[in-house]
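What follows is one structure encoded as structure tokens, with my remarks underneath.
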Amino acid sequence: MKIALVLATSTGGVGKHVVSLVEGLTAAGHRVVVFGPRAVGERFGFPLFRPVEISAGPHPKDALAVWNLRAELRAMRPDVVHAHGLRAGLVASLAGARPLVVSWHNQVLDKTGPKAKVLAALERVVARRATLTLGVSDDLVARVLELGGRDVRLAPVGAPPLPVGDGAAIRKEYPEKNLILSVGRLHPQKGYDTLVAAARRWPDTRVLIAGSGPAEAELRAAIDTGATGTRAPVTLLGHRDDVADLLAAADVAVVTSVWEARQLFAQEALRAGVPLVATKVGGLPGLLGDGAALIAPGDVDALDRAVTGLLDDPDAAARLVGRGRARAATWPSEADTVAQAEACYRELTGS
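Just so we're aligned, residue 1 is where the sequence shown starts under the UniProt record's numbering, counting upward by one.
And the structure:
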């Protein structure tokens, strides 16, 4: 088959998922071309890539993106188009892509702001124009059905395996007794303000946050100031390619998001055998089960208790790690995810 994969701006999980699909589908003999922003192509190094500037949010240049994608698809004549995320799904649907598969990886969190009605309308367009919708978590499947989606299916995304890490160099760089790690885009969705507030309570501890994003300036300000006027023991690492080494050095991994589907870092932490504290939101409870300590989002006290409890009780941390490894063994693999996508394409094309 000739398969077109479309994505908008991505720096993490969605881009890595598309890399996995490209590799698996290409190995199966299909021709796969990725369409997306030039920066995304450079970051992930897709073998066959065509630049189409699809931004992370609504933009006046969306009409140009639709026109460019329509022209590219006419030239390629793919058997199926698979868009990843609401923005890519919107541009692909307006470009007339058929048959169109849309994977929903994230939820629109702005339900009350001035853009809420516009975003809800855009969601409805994508839900109703897709030939097939794949939701990576149960709540996303429910949302698309609520919006009028026709054929909507659960499609958990398997995380790519991490190599075995070596944390020695990182431990030498950060000599504090305890090392806490979080990885993700610097965005209000990630709830890092909660982590910064809790970090002020932890003596002889260093919190590392790996990632980049639009909330970096606000986060730096929160780290530099506080009720006590002292700097929080938090270091922003920026984008990192050594997550395996960071996990090998960490005593506890933390996810403080206000919503997630199947967060990549949460999966990496359990597979690496690092005790995880995560918020009880979106698809995380179904993903993690009893393999992580689950807390309410935005609850600084609960985060403090969960992290210090694991640091102070190595036996409890070891038991949590054991449950986490057992939970991770039940997740679909990358090969499973590719096989499900390929089966969907064959169903739609009759091939």
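No residue lacks a Cβ here, since even glycine has one placed at the ideal position from N, Cα and C.
The model shown is predicted, which means the values in this text are computed figures rather than measured ones.
Around the beta carbon of A221, a 10 Å sphere encloses fewer than 16 other beta carbons of the protein chains shown; the residue is thus reported as exposed.
The UniProt domain "Glycosyl transferase family 1" (172-326) is shown to contain whole beta strand (DSSP E) runs of 3 or more residues at 178-183, 205-210, 234-238, 252-255, 276-279 and 293-295, in chain order. Secondary structure note for W67: it is in no beta strand (DSSP E), and the uninterrupted alpha helix (DSSP H) holding it is D62 to M76. Per DSSP, I170 has no beta bridge partner at all. According to DSSP, H84 shares a beta bridge with L7 and S103. Between L69 and V6, the CB-CB gap stays under 8 Å. If you draw a straight line from the Cα of P188 to the Cα of A215, it comes to about 7 Å. In this structure, DSSP gives V136 a state outside helix and strand, which the three-state scheme calls coil. H82 is classed as buried because its beta carbon has at least 16 other beta carbons within 10 Å across all chains shown. Under DSSP, the beta-bridge partners assigned to V152 are T133.
Nearest neighbour of D241 by Cα position, chosen from V196, Y192, D224 and G184, turns out to be G184. Taking the Cα positions, G158 is about 16 Å away from C344. Sorting A4, T230, A27 and F44 by C-alpha distance to the C-alpha of K16 places F44 at the top. For I209 against V243, the beta-carbon gap comes to about 12 Å, at or over 8 Å, which does not count as contact.
With contacts defined by Cβ atoms closer than 8 Å, V102 and A130 form a contacting pair. C-alpha of G213 to C-alpha of S93: approximately 27 Å in a straight line. The count of Cβ pairs closer than 8 Å, one atom from the segment 191-204 and one from the segment 295-311, reaches three, so the stretches are in contact. Rounded to the nearest angstrom, the Cβ distance from A293 to L311 is 12 Å, too far for a contact under 8 Å.
If you draw a straight line from the Cα of P156 to the Cα of V22, it comes to about 17 Å. Residue range R31 to G36 is occupied by the beta strand (DSSP E) that includes G36. Looking at M1, K2, V18 and T9, the one whose alpha-carbon comes closest to that of A335 is V18. When secondary structure is reduced to three states using DSSP, R50 falls in the strand class. Taken atom to atom, the span from the alpha-carbon of G85 to that of V252 is near 30 Å. Looking at the DSSP output, K115 shares a beta bridge with no other residue. Contact between I180 and V254 holds: their C-beta atoms lie close to 6 Å from each other, under 8 Å. Taken atom to atom, the span from the alpha-carbon of E260 to that of V136 is near 10 Å. Approximately 28 Å separates the beta-carbon atoms of R31 and K61; this is outside 8 Å, ruling out the contact. By the Cβ neighbour-count rule, S351 is exposed, with fewer than 16 other Cβ atoms within 10 Å of its own. Between the alpha carbons of R231 and V125 lies a gap of roughly 46 Å. Secondary structure note for T349: its alpha helix (DSSP H) is the uninterrupted segment E334 to T349.
At least 8 Å separates the beta-carbon of E53 from that of P78. Between the alpha carbons of A197 and L119 lies a distance of about 31 Å. Counting C-beta atoms within 10 angstroms of its own C-beta, V207 has 16 or more neighbours from the protein chains shown and is therefore classed as buried. With distances taken between CA atoms, L264 lies nearest to P161 out of P161, L73 and A168.
Residue pairing from DSSP places K2 in a beta bridge opposite R31.
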